[in-house]
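The numbering used here numbers the first residue of the sequence shown as -11 and each following residue consecutively.
First comes the structure, then the notes that go with it.
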Amino acid sequence: MKPACCFIAFLLSMSVFAQKIPLVYDKENTGAKYPLPVLPALKDLPVVEPLPDPFMFSNSTKRSTLFKDWEKRRNEIRAEIEHYEIGIKPPKPQNITADYADSNLTVTITENGKSMKIVAKIVLPSNGKGPFPAVIGMNRPNGSLPADIFTSRDIAMISFRHNDVTINSNAQTTDPYYTLYPDLNPDNTGQYSAWAWGVSRIIDGIELLKDKLPIDVKHLAVTGCSYAGKMVLIAGAFDERIALTIAQESGGGGATAWRVSETLGAVEKLGATSHQWFKEDMFDFANNNVSRLPHDHHELMAMVAPRALLVTGNTDYMWLANPSNYIASKATEEVYKQFGIGDRFGYYIDGNHGHCQIPESQKPAIVAFVDKFLLEKNVNTNVSTAPYPEIDYRRWTNWWGTAKAVFPPEPPSKKIWVEAECGIVGDEWLIETDTEASGKYVVSKQGMDGTKGVPK
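Now the structure itself:
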């Protein structure tokens, strides 16, 4: 009986510990008080081929899995992502005002003698007086999620029009954001930093109008899909006032790991994504240099912790790098589980639906996260769906805690010889011969990236 009692006591203590960990914060960045870590140049960074250890402090072999140290560690990850990927996200401006009229929230920001406005349409529930939980959708009030998920639950919907900040894929120094901050430009500051800043300014506006606008600032969510899925993931990671982040089919630069994607072929990799979205010198880490990046996107996702995060994928679209999404999600899950809050993170990767569409099979997972983290309902949010039982995700994380950033030995395997009739000799294919090759042929199945167009 004694071991059983001890086990029950342990579970109870873990439950109490989890309850003490906040679900959301009232500050944009709780770690702002910590000094920035040393941020070496690419040539001075060590090679780390597996996924970096999220618990290991920057430029150190010291690590901590204690939640009390996470505030400092996540601020280091934040600094690395700013420095190496997206550029600086400026803090809250000193001069900011807000107004609400005709269902529009207008936030006016003044810096360096220049002003800009962000206008967000707000759809308030027709029932009750509030304050209402709210979702900030990229480009439209509900993002790419079905609006009824929110309207049926009396959740307000807010639209973030990112072109108010900088125009997607056509960034210019004359865009409002870059005009406001003349030291920032599309080369040293990517659009994802600018857009995350814009989402934070909408939250500032809601806070400024708390006596006029019936929005519950303790229950805010962000959602978006594809390039907007990356947008919300970065916004959610970089603003701790966001209680729930739902990043839908975000692809490379979102809920996938750059290192893993580099092994997958024709997917959105670090060297094959928009130069407008990220700072220009991020692309120095393309190809073989990706292993010198001191972080990866399992750590971007982990930055959301201890707040709630749900990511989705779509196996019908190869370029989304869904296996990378899965491996990065499993790595992120380790962080949440370490803190005893595994129910605050979930992933749902499936197929048989269009890009940015929500199939009925996926909807219950989204509803569960909305119910639990916006409405405080006691529902099950243990969501972990992916069609990859054959993938050994642990080989990317096995080294954590050992200070030796190496992959485990490969299991014994058989050689397979492939003649790439349409392959281009170069980085992906090299000319080789082997006397053991049989000379027999196989026909690959036609599919998304299959043999259509291959010479017969």
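Glycine residues also receive a C-beta, built at the ideal position from the N, C-alpha and C atoms.
Compare the C-alpha of residue i against each of the options and name the closest.
| i | options | result |
| --- | --- | --- |
| Pro34 | Leu363, Ile143, Arg280, Ser372 | Arg280 |
| Pro517 | Ile146, Thr85, Asn173, Ala245 | Residue 517 is absent from the structure shown; the chain starts at -11 and stops at 444. |
| Ala20 | Glu228, Arg247, Gly239 | Glu228 |
| Gly389 | Pro42, Ala316, Asn127 | Pro42 |
| Gly240 | Gly328, Thr251, Asn17 | Thr251 |
| Lys450 | Leu288, Glu16, Met44, Lys56 | Past the boundaries of the shown model lies residue 450; the chain is included only from -11 to 444, so the question cannot be answered. |
| Asn17 | Lys80, Thr53, Leu54 | Lys80 |
| Asp192 | Lys105, Asn366, Glu322 | Lys105 |
| Ala293 | Lys360, Gly224, Asp175, Tyr215 | Gly224 |
| Thr369 | His341, Glu321, Val394, Ile346 | Glu321 |
| Gln350 | Val12, Lys50, Leu11, Ile137 | Ile137 |
To the nearest angstrom, how far is it from the Cα of residue i to the Cα of residue j?
| i | j | result |
| --- | --- | --- |
| Glu73 | Pro28 | 14 Å |
| Pro23 | Asn115 | 47 Å |
| Ala209 | Val123 | 4 Å |
| Gln326 | Pro25 | 24 Å |
| Val153 | Glu68 | 23 Å |
| Asp331 | Lys31 | 40 Å |
| Arg383 | Arg247 | 13 Å |
| Met289 | Asn276 | 23 Å |
| Ala184 | Pro396 | 37 Å |
| Lys117 | Ser91 | 15 Å |
| Asp437 | Glu256 | For Asp437, the predicted structure reports a pLDDT of 41, less than 50, and the residue's modelled location is therefore unreliable. A value from the coordinates is still provided. Roughly 14 Å between the two C-alpha positions. |
| Gly259 | Trp265 | 12 Å |
| Met44 | Asp359 | 34 Å |
| Asp199 | Pro119 | 10 Å |
| Tyr166 | Gly212 | 23 Å |
| Thr373 | Phe148 | 29 Å |
| Asn313 | Thr244 | 4 Å |
| Ile337 | Gln179 | 27 Å |
| Ile203 | Glu37 | 45 Å |
| Asn151 | Pro399 | 50 Å |
| Val107 | Gly186 | 10 Å |
At a Cβ threshold of 8 Å, is residue i touching chain C?
| i | result |
| --- | --- |
| Arg382 | Absent here is chain C; the protein component of the structure consists of one chain. |
Which residue or residues does DSSP assign as beta-bridge partners of residue i?
| i | result |
| --- | --- |
| Gly125 | Ser147, Thr211 |
| Val111 | Met145 |
| Met291 | Answer is none; Met291 lacks a bridge partner. |
| Lys77 | In DSSP, Lys77 forms no bridge with anything. |
| Phe45 | DSSP lists no partner for Phe45. |
| Thr96 | Thr85, Lys105 |
| Ser372 | Tyr335 |
| Ala296 | Leu232 |
| Val357 | The sequence shown places Phe at residue 357, rather than the Val named in the question. Per DSSP, none; premise fails for Phe357. |
| Gly116 | Paired residue(s): none; Gly116 is not in a bridge. |
| Asn302 | Asp338 |
Could you check if residue i is buried or exposed, using at least 16 other CB atoms within 10 Å of its CB as the buried criterion?
| i | result |
| --- | --- |
| Glu378 | exposed |
| Leu168 | buried |
| Leu39 | buried |
| Pro170 | exposed |
| Glu287 | buried |
| Pro121 | buried |
| Ser317 | buried |
| Ala309 | buried |
| Glu70 | buried |
| Glu237 | buried |
Given the structure, does residue i come close to the ligand HEM, in the sense that its CB is under 7 Å from one of the ligand's heavy atoms?
| i | result |
| --- | --- |
| Arg295 | The ligand content of the structure shown is nil, which means the ligand HEM is not present either. |
**Q.** Continuous alpha helix (DSSP H) assignments of at least 4 residues falling wholly in the segment 185 to 269
**A.** Taking only runs of at least 4 residues, the alpha helix (DSSP H) segments lying wholly in the segment 185 to 269 are 215 to 226, 246 to 249.
Q) Can you list the alpha helix (DSSP H) stretches of 4 or more residues lying completely in the segment 324 to 349, in chain order? A) Counting only runs of 4 or more residues that sit fully inside the segment 324 to 349, no alpha helix (DSSP H) segment turns up.
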